[in-house]
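Numbering (the UniProt record's numbering), first residue to last: 1 to 162. I have placed the structure first, in the form of structure tokens, so that the comments after it can refer back to it.
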Amino acid sequence: AHPAPFIAERTSTRLFVVADPDADILYESATVRGDSIVCILPETAPAFYLEYLQRKGISYLFAGAKGDDLHTAMQTLAETFGVESLSLQGGGIIDGVFLQAGLIDELSLVIYPGIDGSAGSTSIFHYIGKGNPSQGQSLELLSAQTMEDGVVWLRYKFHKNS
């Protein structure tokens, strides 16, 4: 059994969910841009850190020994916090971890017509692990919309292929 999550007073409709596998992020307040914070922590998070979050009024849940059991985290977010959908906005590495776990059901991609050209930039999905994180998954285009200033918004549905 997993340790029980802590549910602080919720001051917003939306939540700002933070993956904190090191259990060491210090917060100025219990919200980010007005959204109540929920931390995803390892079961090994020290008691003093949990007490700190409780004093700050910040909710938390546990995601396995290392804080990386995303299936458990998503299940707890749904069952305990009522989260039905999540917008993943962390960058290529966290996107790659969710891709590998098979937890992405839609990709919303906004392309800005700018040129970078630098080497070493991370991609949309930057998986640091073994194997092919997209194995058994494919994309179906849902919509393509041209917006102001040549910006293009693409939406894809993920399919889990058996």
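Here a beta-carbon is modelled for each residue, glycine too, at the ideal position from N, C-alpha and C.
Pick out whichever of the options has its Cα sitting closest to the Cα of residue i.
i, options, result
"isoleucine 4", "Asp35, Gly64, Ile25", "Correcting the residue identity first, residue 4 is alanine in this sequence and not isoleucine. Comparing Cα-Cα distances from alanine 4 to each of Asp35, Gly64, Ile25, the minimum goes to Gly64."
"leucine 41", "Pro113, Thr11, Ser59, Gly102", "Ser59"
"cysteine 39", "Ile115, Glu28, Glu140, Phe6", "Phe6"
"glycine 67", "Pro133, Val83, Pro46, Asp20", "Asp20"
"proline 46", "Phe62, Ser36, Val110, Val83", "Phe62"
"alanine 73", "Glu28, Glu43, Leu109, Gly131", "Glu43"
"threonine 11", "Thr31, Asp24, Glu148, Asp69", "Thr31"
"methionine 147", "Gly82, Phe48, Leu109", "Leu109"
"proline 70", "Gly117, Lys130, Ala144, Gly102", "The question names proline, but residue 70 is leucine in the sequence shown. Checked all of Gly117, Lys130, Ala144, Gly102; the closest Cα to leucine 70 is Gly102."
"alanine 23", "Ala119, Tyr49, Ile37, Ala8", "Tyr49"
Can you give me the Cβ contacts of residue i inside the same chain, cut-off strictly under 6 Å, excluding the 5 residues immediately before and after it?
i, result
"isoleucine 93", "His126"
"proline 133", "Gly96, Leu99, Gln100, Tyr127"
For residue i, I'd like the list of residues in its chain whose CB is within less than 7 Å of its CB, leaving aside the five on either flank, ordered along the chain.
i, result
"residue 179", "Outside the displayed range of the chain (1 to 162) lies residue 179, so it cannot be described from this structure."
"glycine 150", "Pro113"
"arginine 14", "Asp35"
Using DSSP bridges, identify the partner residues of residue i.
i, result
"serine 138", "His159"
"isoleucine 111", "Val152"
"phenylalanine 16", "Ile37"
"serine 143", "Arg155"
"phenylalanine 125", "For phenylalanine 125, which the question treats as bridged, DSSP gives no partner whatsoever."
"glutamate 106", "Lys157"
Go through its chain and collect everything with a Cβ distance to residue i's Cβ below 8 Å, but skip five positions before and after it.
i, result
"leucine 88", "Ile94, Asp95, Phe98, Ile104"
"arginine 33", "Phe16"
"glutamate 106", "Leu142, Arg155, Tyr156, Lys157, Phe158"
"glycine 90", "Ala19"
Could you give the uninterrupted runs of the alpha helix (DSSP H) lying entirely in the stretch 20-102, keeping only those of 4 residues or more? Entirely contained in the stretch 20-102, the alpha helix (DSSP H) runs reaching 4 residues are, in chain order, 47-56, 70-81, 92-100.
contact_flag[the stretch 82-100, the stretch 113-123] where n(CB pairs < 8 Å) is 3 or more: Judged by Cβ distances under 8 Å, the stretch 82-100 makes contact with the stretch 113-123, as three or more pairs qualify.
The stretch 45-57 / the stretch 76-83 touching (three or more Cβ pairs under 8 Å): Flag = no, the stretch 45-57 and the stretch 76-83 do not touch.
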